[in-house]
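See below for the structure under consideration.
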Amino acid sequence: MAIYNRRISRRGPVAFRRNNPVSATSQVESLARQLADQIIRQREQAKARQRLGRIYTNFDPTDDVLPNNIETVTRGLFAGNTGSLTSMFTSSNLTATQKTYIQEIFSTGDPASNNNANSELSMAYGHFNGSGSKDLTGNLNNDTPSRAIYKQYAQLLLAPNDKKFTINGTDTNEIYILNFNRARVREKLDPGNFEVSLAQLSGSAPSGIVNGFANNAHTGSNVKLSGTSNFIQIIDDSSVTSGGSVSEGGLVYNLVSGSIDEGTTIYNPTAPVYYGLLYPQHGVAILNGEVLNKDISLGGVNFNSVTGSGVQGDNTVKLFTSISGSNALTPAGVNGGIQARSSEQVKSTYYFVRVKNAEYNYSNNPSFVTGSLGELFFKTMVQDPQVYITTVGLYNDRRELLATAKLSQPLLKNYTREALIKVKLDF
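Going by this note's numbering, the first residue of the sequence shown is number 930, and it counts up by one from there.
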């Protein structure tokens, strides 16, 4: 018979304890009341302090801050935010070598004699083969100015394997360039608000030159208007091609015959004359020299560009003369020259500064107090303070001043007046 040993506990019966749910609930409620009372006391103390003067107010991110608002802002492209350039001047400050590459165009006057002259744009002529210009620097690689200009803009605006500008499906060897002041262009030229007017040139050669060689001798000093009232107007085709096309140079629009006066109107929209390309994000317009060389009856303006080899043609002067002379030919109420606007998307954050009647009725300006004890200078200010809000300061969490906003005029503040000030930060 097997015998098993058993160990008998002497601790007695086990008692199981359970928490009283009613008691636990009471403790939670008591703690909640204490916390609520503390919050209320803090708020009342804060309100009491506000009546004695306040320096900072924390923004409520939900109610007081409206971030990331985007709006499109357009401005006139030229000095004074005007949208028209009808009177323009070349610069006497450029050297003879510089003028073989570009002509810098100013409004108001020649910068050599007018300190108020404003740089508006540069004009240039480019030829794929380097024709119509002469290397004046003594280089031996035949890198003439017109070749350098053409390749510079091709490299900037075209795809790596694309060597020539293609306008309406046809490559062109010669181009005229309008390159606008980058600081004024901001984000881009505003499509639909761009127009260039060109007056017809005489197209004749200097005296003693055989007509067959006119394109080898008709230099800038001989450029003249035709003496007729003929002119053409060129606009971008953004009104019929929404968004333009995308290229290596960003957005690109065709430049076609048309006018923006009284709304954008394309002449013969089913078969317009194509004059070039507009690259609004670069602030550059490319005009097809081969079209501008044609007679007015064929859509050109008789530029008769100099395309002889080793000849300094000063072709850029042709473009300047044609554009600057167009304003006198346009009807009354219609501007010639160049019409253009800039466009940019501005991101803004709005801060709503709410000033209640009991807040900001005193100033920490030293002139507000007197004496070593800091008593109010005017005793009437004790119960009836009268101050003026002139500036709003925006601080970070460390109370470091980041920005200030000036009111257009001082704003009276006392216990009977409240204010809502909207501060807008653009970036």
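Note that beta-carbon positions come from the ideal geometry of N, C-alpha and C, so glycine has one too.
- Bridge pairing for Asp1355: Ser1277 [DSSP].
- In the three-state DSSP reduction, Leu960 falls in the helix class (H, G or I).
- Residue ranges of uninterrupted beta strand (DSSP E) with 3 or more members, entirely inside the region 1245-1302 and ordered along the chain, are 1270-1284.
- In this chain, Ser1158 is not harboured by any beta strand (DSSP E), its DSSP state being neither H nor E.
- The beta-bridge partner set that DSSP reports for Ile1350 consists of Val1282.
- In this structure Thr1319 does not touch Thr1333 by the C-beta definition: roughly 10 Å separates them, more than the 8 Å allowed.
- Uninterrupted alpha helix (DSSP H) stretches at least 4 residues long and entirely within the region 1001-1063 occur at 1025-1028, given in chain order.
- Glu1116 sits in coil when the DSSP states are folded into three classes, being neither helix nor strand.
- Residue Thr1278 holds the alpha-carbon nearest to the alpha-carbon of Asn998 among Thr1278, Gly1262, Asn1290 and Pro1339.
- Cα atoms of Ser1188 and Ile1163: separation of roughly 7 Å, rounded to the nearest angstrom.
- Annotation: Ser1234 is outside any alpha helix (DSSP H) and is labelled neither H nor E by DSSP.
- When Cβ pairs closer than 8 Å are counted between the two stretches, the region 1116-1128 is seen to touch the region 1002-1012, the count reaching three or more.
- In this chain, the beta strand (DSSP E) harbouring Ser1337 covers Leu1330 to Lys1342.
- Taking every protein chain shown into account, the CB of Arg1076 has 16 or more other CB atoms within 10 angstroms, so this residue is buried.
- Bounds of any alpha helix (DSSP H) do not take in Glu1177, whose DSSP letter is neither H nor E.
- A buried status is given to Gly1173, since no fewer than 16 other beta-carbon atoms sit within 10 Å of its beta-carbon.
- Three or more Cβ pairs drawn from the region 1006-1020 and the region 1033-1049 lie within less than 8 Å of each other, which places the two stretches in contact.
- When the Cα atoms are used, Phe1094 and Ser1255 turn out to be separated by approximately 26 Å.
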